[in-house]
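Single-structure report; data block below.
Protein chains: 2
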Amino acid sequence: MSRRERPAKPALTRERIIAAAVAIMRAEGLQRVTMRRLAAELDTGPASLYVYVANTAELHAAVLDELLGEVELDGASGDWSDQLVGVLTSYVEVLTANPQLARTAVATRPSGPNYLRLVDRILGLLADGGVARTRAAWGVDLLLLAATAHSAEHAGADATADQQWDTLGRTLSTVDPRRHPHIHDLSDLLLAGSHTDRLTWSFRALIEGLSRTAVPGE
Amino acid sequence: MSRRERPAKPALTRERIIAAAVAIMRAEGLQRVTMRRLAAELDTGPASLYVYVANTAELHAAVLDELLGEVELDGASGDWSDQLVGVLTSYVEVLTANPQLARTAVATRPSGPNYLRLVDRILGLLADGGVARTRAAWGVDLLLLAATAHSAEHAGADATADQQWDTLGRTLSTVDPRRHPHIHDLSDLLLAGSHTDRLTWSFRALIEGLSRTAVPGE
DNA sequence: ACCTGAACACCGTTCAAGT
DNA sequence: ACCTGAACACCGTTCAAGT
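Chains X and C supply the protein sequences, listed in that same order.
All residue numbers for the first sequence refer to numbering that gives the first Met the number 0, where the first residue is 0 and numbers rise by one.
All residue numbers for the second sequence refer to numbering that gives the first Met the number 0, where the first residue is 0 and numbers rise by one.
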């Protein structure tokens, strides 16, 4: 009787754990993806999770890779550099949709399947553009680093982020011209422009720079 | 009598709180700089700190700005771009000495006095190099973003970081050539080179790119 | 205004014991 | 091998009450 009315809990698997983690992240944010919260969701105790997941950092890394599956690798048209900007922009969009995730992306060095897929695509586009192999190899790191950091900074139209931006804006525009002459001089430009424009510009500048800059011993 | 033998506790001030926080960070790492640990150090209860500090994030931001005072702004010789690389390298050195601090630097948007001093110096060097005002204004953000992210990634000769690097190395060199042809093709180059060489190359590429890339509406 | 004790609502991780 | 309960050693933040 109880066999039908309360069916056996499905077995714990790494897959099920990570799926539950992703669900919690989407519903409540990464800060709620804790061992204890997750265990409660899976109707077990936190200790049980340690059979499948080494620690919280590894769990978050797995969630991150899962999300990276959403990055659009072939969405943009145009030449190789337009397409590259498109891929990077998609990456940033995926990350900024989940502020805290972007922050763990900076701390963690991902190596999951979706991350590899992304790296391979970027390398392919750099090859299309005729970027020297050595420059491309180092450049992919720099591009992803910058994209990730951008996401982490703009992470969130959340309240704290906006507030910090405002604070910085006020600080910059009222800066002592004697102590900080250059900031004073450029105060109107420092925070100018939309997110999107600045992001695109950053990517263009990075691509330009990494194409032209020789790697030592090249 | 007891007035001399057990002197009154010095009054709580923001300055004293932050000094204690820096001391704990140097001795035990930022992860120990918690409200409770700090309160214990100052011989009071955690609630008392909230008179001077809004929350843990603000506390960590204050610690960060304090550390930025150690960045060497005039250490390097050479032309403006060599000096700029020098400033950025010094910034990275300060941050990587305290792994977790670099990670909070990505999350937080600093606006303390030492941060302003750093921004002003970088803007000055870009002006020396004749970089267009608009490009310099956006470029300083990009440079600091990349430098911070680099620090956060290489944050630590700590065990986890090294392990992640090794994992990534193994993953990259054994990648399926059919699924990830470009990674396979470049696997020997992707992780090649020393930290320092890669960091310097990144800064050179960034400087090159931001000097040459027009800001929209420029 | 500043400081405090106490409480609320949580954490990660380990480990001996069970199945 | 997998799962669990219970424990250890912590967290941030709030709030009523005191000085």
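The beta-carbon is built from N, C-alpha and C at its ideal position, and this holds for glycine as well.
All of these numbers come straight from a predicted model, not from anything done at the bench.
Query                                                                                                                      : Result
Beta-carbon proximity of Ile182(X) to Leu171(X), cut-off 8 Å                                                               : yes
Neighbourhood of Met0(X) by C-beta distance below 7 Å, restricted to the same chain and skipping five residues each side   : Because the pLDDT of Met0(X) is 36, which lies under 50, any placement of that residue in the model is unreliable, and the number read from its coordinates should be weighed accordingly. Closer than 7 Å at Cβ, skipping near neighbours: no residue.
Minimum C-alpha distance to Leu83(X) - residue among Trp164(X), Val139(X), Val93(X) and Thr12(X)                           : Val139(X)
Inter-stretch contact at 8 Å, needing at least 3 Cβ pairs: the segment 202-214 of chain C / the segment 129-147 of chain C : yes
Cβ neighbour criterion (16 or more within 10 Å) applied to Gly85(X)                                                        : buried
Three-state secondary structure (DSSP) of Glu40(C)                                                                         : helix
Rounded C-alpha distance that separates Ile17(X) from Leu48(X)                                                             : 10 Å
For His179(X), three-class secondary structure by DSSP                                                                     : coil
DSSP-derived helix/strand/coil call for Asp127(X)                                                                          : helix
Residues near Val56(C) by beta carbon distance below 7 Å, same chain, minus five either side                               : What sits at residue 56(C) in the sequence shown is Ala, not Val. Within the same chain, Ala56(C) has close Cβ partners Thr107.
Same chain, Cβ closer than 8 Å to Val93(C), five either side skipped, listed in chain order                                : Leu66, Leu67, Glu69 and Val70
Reference Ser186(C); option with closest CA among Leu188(X), Ala135(X) and Ala75(X)                                        : Ala135(X)
Interface positions of the segment 196-214 of chain X facing chain C (Cβ-Cβ less than 9 Å), listed along the chain         : Asp196, Arg197, Thr199, Trp200, Ser201, Arg203, Ala204, Leu205, Ile206, Glu207, Gly208, Leu209, Ser210, Arg211, Thr212, Ala213 and Val214
Residues near Thr147(C) in its chain [Cβ-Cβ closer than 6 Å; skip 5 each side]                                             : Ala104 and Val105
C-alpha distance - Leu29(X) paired with Leu87(X), whole-angstrom precision                                                 : 22 Å
Partner residues on chain X for Ala75(C), Cβ-Cβ distance less than 7 Å                                                     : Those do not exist, as Ala75(C) stays about 18 Å from chain X at its closest Cβ, beyond 7 Å.
C-alpha distance - Ala293(X) paired with His149(C), whole-angstrom precision                                               : What is shown of chain X runs 0 to 217, which leaves residue 293(X) out entirely.
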